[in-house]
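Below: the structure, in C-alpha cells.
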Amino acid sequence: QHYFIQSNLRMLILQIVPLAALLKVSASLTCYDTVCKGTGNHSDTTIPCAVSPGVKCHLQEDGSPLCVTGLGEGIPCHGALRCLHDYFGRAVCDTPSFNCYDIECHGSGNFSYTHIPCDNAKNMRCSVNGTGYPLCVMGHSGAGVKCNDTSVGGANYCSHDKGGKAVCISALQKYMVEIVAAAIVGTLLIVFAGFYAWKKRKEVGKSNDVVISNANVESSMDYGATASTFVTEPNQ
C-alpha cells in the first residue's frame, strides 16, 4: 500500500510539473492569432478565432479549421514591441512606427470622394478593391505620423483633419476651442454684470426721482396751508 501511494504521488508530480511549465510559458505569451486557417483542400478556408490561453485553432482530419477549447499558441510581445496582426490575422510583434494614426480610409478613381471609418491604430490599415472602393483590412497598423516634438509650443499632440488624416498640433491648437469658449463666456459675464449694474442704477435713480417728487408735493401742500392762515375775510 505504501508503494502504491508513492507510485500515484510520483505520477501526479509528473503530470503537475509539465502543466506548471506549460502555464508559465502561456503566461509569457501576450499575442495570439485572431483567425484559424485550414490546410489541404481547405487551405482557402479561414474562420474567426480569438485564440487565447483557453481557445485554440484545431485542424480536423479533412484539413478544415475549427475553433475549440484548449491552450492556444501565441508569441511574447514585451517591452517596446506591440502585438499586431498581419493580413491573415496571424500574431506578430513589431515596434509601432507612429503614435498618431489615420481614422478614415479614402477610395480612388470613381470613389475618390468615398470614405469609411478605419482606426489605423488598431491593427487595421487602409486599402482599396479593384474598383477603387476603400477597404479597412486587418494587418499591421496603417498610416499615421509621429508626434514627439517636445520643444516649447511643439506640435506633440495627436489630432485629425476633416478627412480623418492624422496630424500633429501644438498645445495652443489643441486647446484653442476651450480658450475661445472661455473668452466668450468671460465676455458675456462682463456684459451681463455691466447691464445688471446699469439696471440697478437706473432703478435707484427712478426711486430717488419719486422721493424728490413726493417731497416737492408735500412741500407745496405745506406752503399752501401756511399761506391760507394769513388770508382774512373781506369786509362786509
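Counting in our numbering, the sequence shown tops out at residue 434, every number present.
For each residue, glycine too, the CB sits at the ideal point set by N, CA and C.
Could you spell out where the beta strand (DSSP E) holding residue i opens and where it closes?
| i | result |
| --- | --- |
| I301 | It is not in any beta strand (DSSP E) - I301 carries neither H nor E in the DSSP assignment. |
| L264 | P263 to T267 |
| C291 | A289 to D292 |
| C234 | V233 to K235 |
Quick check on residue i: does DSSP put it in helix, strand or coil?
| i | result |
| --- | --- |
| H313 | strand |
| L442 | In this structure the chain extends from 199 to 434, so residue 442 is not present and cannot be described. |
| V223 | Any answer about V223 is weak, because its pLDDT of 41 lies below 50 and its placement is not dependable; what the coordinates show is given next. Looking at V223 - three-state DSSP - the assignment turns out to be helix. |
| H240 | helix |
| A425 | Residue confidence is low: A425 scores 48 on pLDDT, short of 50, so the model does not pin down where it sits. Its coordinate-derived value is still stated next. Note: A425 maps to helix in three-state DSSP. |
| V402 | helix |
| G252 | coil |
| G270 | coil |
I think residue i touches residue j, with their Cβ atoms under 8 angstroms apart; what is that distance to the nearest whole Å?
| i | j | result |
| --- | --- | --- |
| V326 | G342 | Contact flag wrong, Cβ pair sits at about 18 angstroms. |
| D300 | A364 | 5 angstroms |
| G272 | A289 | 6 angstroms |
| F309 | P332 | 7 angstroms |
| C281 | C291 | 7 angstroms |
| C356 | C275 | About 22 angstroms; that fails the 8 angstroms criterion. |
| G236 | T228 | The pair is not a contact, with the Cβ atoms about 26 angstroms apart (cut-off 8 angstroms). |
| C366 | C334 | Not quite, the Cβ-Cβ distance comes to about 23 angstroms (not below 8 angstroms), so this is no contact. |
| G361 | E302 | 6 angstroms |
| S339 | N321 | 6 angstroms |
| G270 | K254 | 4 angstroms |
| V233 | P246 | 6 angstroms |
Using a Cβ-Cβ distance cut-off of 8 angstroms, determine whether residue i contacts chain B.
| i | result |
| --- | --- |
| V253 | Here chain B cannot be found, since the structure has a single protein chain. |
3 or more residues per run - each beta strand (DSSP E) lying fully within the region 315-395:
322-326, 332-336, 355-358 and 364-367
Is the region 285-299 touching the region 260-269, taking contact as three or more C-beta pairs under 8 angstroms?
no
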